[in-house]
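Number of protein chains: 2
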Amino acid sequence: MDFKEILKEKGIKATKTRLAVLNLLDKSDQPLAATTIFHDLKNQKIKIDLATIYRIIEKFIGLKIVKQVDFREGMLRYELAGDHHHHLICQSCGDVSSYHGECLSEVEKVIKEKYKFNVAEHVLEFFGTCDNCQKELI
Amino acid sequence: MDFKEILKEKGIKATKTRLAVLNLLDKSDQPLAATTIFHDLKNQKIKIDLATIYRIIEKFIGLKIVKQVDFREGMLRYELAGDHHHHLICQSCGDVSSYHGECLSEVEKVIKEKYKFNVAEHVLEFFGTCDNCQKELI
DNA sequence: TTAGGTGCAAATGATTTGCAATAAT
DNA sequence: ATTATTGCAAATCATTTGCACCTAA
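Protein sequences appear in the order of chains D and Y. Residue numbering for the first sequence follows the numbering used here, beginning at 67 and increasing consecutively. Residue numbering for the second sequence follows the numbering used here, beginning at 67 and increasing consecutively.
Right under this line is the structure:
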């Protein structure tokens, strides 16, 4: 996808740093912390500041381009929005993998009827032990 | 429930501050932030320090007496463990209510079979608009 | 050109830690 | 009496903010 076009459509400037952040998130197979993005871009010799990254992410979240996730690490991680999925977080090695396929729309309908609460979004994450770590625990 | 007994069974001292924290969480109908606990106990004229509250909570979490939850407020909240439930968080007024009754054990079984990932626990929270705020938005 | 973006430095706020004093068993 | 626990002060660390300079449109 052409991030440059997407940003223009959203009405914000397609700066180098913004595109770099988007490309990094796009390439990553897991959500990234702000500091991780910072160091990765540094390694790519891209001049960037942590504060800028936070500002970019904040704007992206407002535009629904990016979502934040909390893996209980004392900091937040960010990933491209777009496809709704959940995560399997290994509490042993920290590995994160995506889990597609959970439909809570029925539950949300029940919540709407029973509590008159209108669900806009939900957070669902699974913590446990990945295949590799289960083997190592033997 | 007799928290004093519970703490003894767990093998840690039943101090005034620990019991005060437990009683406060027990009385609350929603998870509380550390600073909230701090101020509430202050109001009860109980001498206590924020650092102590964090240490108490840390210990309680280790003993599975307390669980932490993240409502995306930039800080964590804590509640008594014990009964598994989820929350309906109103993004408009901040009100939090409990939602009992969601069974993900089937999903976790599928995850186990398909990804060989062993789920130890899951986090499921609903964000949206409560009944009152829906009315006010008219 | 010019308004939106960024870098830099300093501030903020939640959470953690060292250490001496204190209280539960 | 002994050891865990606490209070206090200082440190840490993620995230935010003010402001002058820069750059995409």
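Glycine included, every Cβ here is placed at the ideal spot set by N, Cα and C. Every value quoted in this text rests on a predicted model; they were computed, and no experiment measured them.
Around the beta carbon of Cys159 of chain Y, fewer than 16 other beta carbons sit within 10 angstroms, so the residue counts as exposed. In this structure, the beta-carbon distance from Leu98 of chain Y to Arg84 of chain Y does not fall below 8 Å. Rounded to whole angstroms, Gln110 of chain Y and Gly140 of chain D show a C-alpha spacing of 30 Å. Cβ-Cβ separation between His152 of chain Y and Phe193 of chain Y: approximately 11 Å, too far for a contact (criterion under 8 Å).
Taking a Cβ-Cβ threshold of 8 Å, none of the residues of chain D is close to Val162 of chain Y; the smallest such distance is about 11 Å. In terms of beta-carbon proximity, His188 of chain D lines the interface with chain Y, with at least one pair separated by less than 8 Å. When 7 Å is used as the limit between beta carbons, Cys196 of chain D is near these residues of chain Y: Phe183, in chain order. In the DSSP assignment, Gly128 of chain D falls within the alpha helix (DSSP H) that extends over 116–128. Val173 of chain Y has a beta carbon lying within less than 8 Å of a beta carbon in chain D. When DSSP reads this structure, Arg143 of chain D sits in a beta bridge with D:Ala99, D:Val135. Tyr165 of chain D places its beta carbon 8 Å or farther from that of Ile131 of chain Y. Residue state for Thr81 of chain D is assigned as coil, using DSSP reduced to three classes. Listed along chain Y is no residue with a C-beta nearer than 8 Å to that of Glu139 of chain D; the closest approach is about 11 Å. By the rule that beta-carbons nearer than 8 Å mark a contact, Phe126 of chain Y does not touch chain D. Less than 8 Å divides the Cβ of Gln134 of chain D from the Cβ of Leu142 of chain D.
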